[in-house]
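Working notes, beginning with the structure itself.
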Amino acid sequence: MSAQAARGNWGSRIGFILAAAGSAVGLGNIWGFPMQVGKGGGAIFVVLYLFCVFVICFPILVAELALGRSSGKSPIEAFAVTKPNTPWWVVGALGVMAGVGILSFYSVIAGWTVAYIWFTATGAVAGTPEQVAGYFSAFVADGGKNLVLAFAVLGITAAIILGGVREGIERASKVMMPALLVLLVLLAIRGLTLPGASAGVAYYLKPEWSEVTNISVLNAALGQAFFSLSLGMGCMITYGSYLSKSTSVVGAAGWVAGLDTTVALLAGFIIFPAGFSIAGFDPAAGGPGLIFAVLPQLFATMPGGHLFGAAFFILLSLAAVTSTISLLEVPTAALVDKGWPRKKAIYVLTGVVLALAIPSVLSQGAVAGLSRMPGVEMDFLSLMAIVWNNWALPIGGLLIAIFVGWVWGADHAIAELSAGGVAFPGARLWAVLIKYVCPVAILFIIIMTARGMFGG
Ligand code: PFF
6 MSAQAARGNW
16 GSRIGFILAA
26 AGSAVGLGNI
36 WGFPMQVGKG
46 GGAIFVVLYL
56 FCVFVICFPI
66 LVAELALGRS
76 SGKSPIEAFA
86 VTKPNTPWWV
96 VGALGVMAGV
106 GILSFYSVIA
116 GWTVAYIWFT
126 ATGAVAGTPE
136 QVAGYFSAFV
146 ADGGKNLVLA
156 FAVLGITAAI
166 ILGGVREGIE
176 RASKVMMPAL
186 LVLLVLLAIR
196 GLTLPGASAG
206 VAYYLKPEWS
216 EVTNISVLNA
226 ALGQAFFSLS
236 LGMGCMITYG
246 SYLSKSTSVV
256 GAAGWVAGLD
266 TTVALLAGFI
276 IFPAGFSIAG
286 FDPAAGGPGL
296 IFAVLPQLFA
306 TMPGGHLFGA
316 AFFILLSLAA
326 VTSTISLLEV
336 PTAALVDKGW
346 PRKKAIYVLT
356 GVVLALAIPS
366 VLSQGAVAGL
376 SRMPGVEMDF
386 LSLMAIVWNN
396 WALPIGGLLI
406 AIFVGWVWGA
416 DHAIAELSAG
426 GVAFPGARLW
436 AVLIKYVCPV
446 AILFIIIMTA
456 RGMFGG
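In case it helps, our numbering puts the sequence shown at residues 6 to 461.
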């Protein structure tokens, strides 16, 4: 068996696209994106987000895939073999840590989505808006139950990736992604045909420029774009390392970014019309509970609501698991490239992530000191989300852009992506974006945000 085959590889281009889009499409699209739109003032956030996706993040997606395929390695080794005897491998190591850190809180929220399939299907959440919201706060404050749920999510994830790249990740993505897309379209149609839907659509699509009063909205849009496309932590380096040399990577990257963006935008068409059809709905007040504490009010009262509610949370759970797969695959691949047997790596990492998930589980009301942490005035889970999404991923992305654009060299990346006569349309534009536009834009946003946070 060749070294490449021993690590695993994708069986087909479409298999890769579905797996990579599966990684990208996740809670970030259906839970995170509408929540950020709510916090960021509606359509204005959508505009900033689209700018970040296409101008900053898409070039980095291409860069990560190029680095992964060229080296055939997971993040740490990818930097190490491309520029041996330099400290650049540290960027890969940070990415592996980000994967573990993100998975530790992501699996907790994924656990909520799984539980809510049951709660909505059985009509357990019902009653006045206060009762529905109260149900959510009581549920998340139950530490024991939520630890079991997070464990279940991690167990399913581990079971899938134990099957390997092709028989595990690719096979699961080929079933789960089409199911997810069908559910999403059906639910968006239902959302748009609800009474009062137009107020939600207007809020979502009409930008109020006066609302941009704070640079932190731009930072949130950038962090959200990185998170949504699974960038800045080497996930796409890892998935790129399983690509064959004959695959046309740039076109596949276009599919991944296009699917991810479409799903996020469609999720808004489910959540805002549904939200605005509830009297007294305030999108900015939703926070992490937006879809758990608010939408079930609607599911409890609309005709066929139990069915739609359950379908909605099945959609979320599918999206979550195709992403947890990739979050666990990054540290797994790193250990496999260090010579660990795949099975042992997966067992050890699942245990580590579960242990790290405990403070996030307990931060939703179970333990007061974690639920409102002194100094930061927020709960531990929200703090984790901000540290990793808004800071670690953009910083990782900045370093990856500098590495690919300047250290490895944009020309080497272009040569890799055009190998065997594969077309790379816009290669020159990409080189300008990765060398100049991405680093400058990310650095600008990071510095402005830091100044805003720490004064100065
Ligand atoms: N892209 C996923 C989402 O939007 O939910 C989250 C994610 C997965 C981030 C994998 C980073 C990653 F490497």
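Ideal Cβ positions, reconstructed from N, Cα and C, are used throughout, including at glycine. What you are looking at is a predicted structure, and each value in this text was computed from that prediction instead of being measured.
For Leu53 and Thr327, the rounded distance between their alpha carbons: 26 Å
Host alpha helix (DSSP H) of Cys443 (start-end): Cys443 to Phe459
Stretch-stretch touch, CB-based, cutoff 8 Å, three pairs: the region 304-323 with the region 106-125: yes
Residue span of the alpha helix (DSSP H) that contains Gln369, given as start and end: Segment: none, Gln369 is in no alpha helix (DSSP H) and carries neither H nor E.
Helix, strand or coil at Met307 [DSSP, three-state]: coil
Cβ distance (whole Å) where Gly100 is taken to contact Gly401 below 8 Å: Cβ atoms of Gly100 and Gly401 come within 8 Å of each other, at about 6 Å.
Whole-angstrom C-beta distance between Leu227 and Pro399, which should lie under 8 Å: 6 Å
CB of Phe84 within 9 Å of CB of Val67, strictly: no
Bridge partners - Met383, DSSP secondary structure assignment: As DSSP reads the structure, Met383 sits in a beta bridge with Met378.
Whether Gly13 touches Gly169 by CB criterion (9 Å): Contact check for Gly13 against Gly169 passes: the beta carbons are separated by less than 9 Å.
Straight-line gap, Glu62 to Gly426 (C-alpha atoms, nearest Å): The sequence as given places Cys at residue 62; Glu does not occur at that position. Our two residues, Cys62 and Gly426, have alpha carbons roughly 25 Å apart in a direct line.
Near the ligand PFF: Gly31 beta-carbon under 8 Å from a heavy atom: yes
Collapsed DSSP secondary structure at Ala129 in the structure displayed: coil
Any non-hydrogen atom of the ligand PFF closer than 8 Å to Gly104 Cβ: yes
Leu152: CB within 8 Å of a non-hydrogen atom of the ligand PFF: no
Ser233 CB to nearest heavy atom of the ligand PFF below 8 Å: yes
With 16 other Cβ atoms within 10 Å as the buried cut-off, status of Trp15: Residue environment for Trp15: buried (at least 16 other C-beta atoms within 10 angstroms of its C-beta).
For Pro301, the three-state DSSP class (helix, strand or coil): helix
Reduced DSSP secondary structure (H/G/I, E/B, other) of Arg18: helix
Same chain, Cβ closer than 8 Å to Lys211, neighbours up to 5 away in sequence not counted: Gly47 and Ala48
Per-residue DSSP class, three states only, for Met241: helix
Between the CA atoms of Arg347 and Thr91 - distance to the nearest angstrom: 27 Å
Helix, strand or coil at Lys211 [DSSP, three-state]: coil
Distance between Gly431 and Gly374 (C-alpha atoms, nearest Å): Whole-angstrom Cα-Cα distance: 52 Å.
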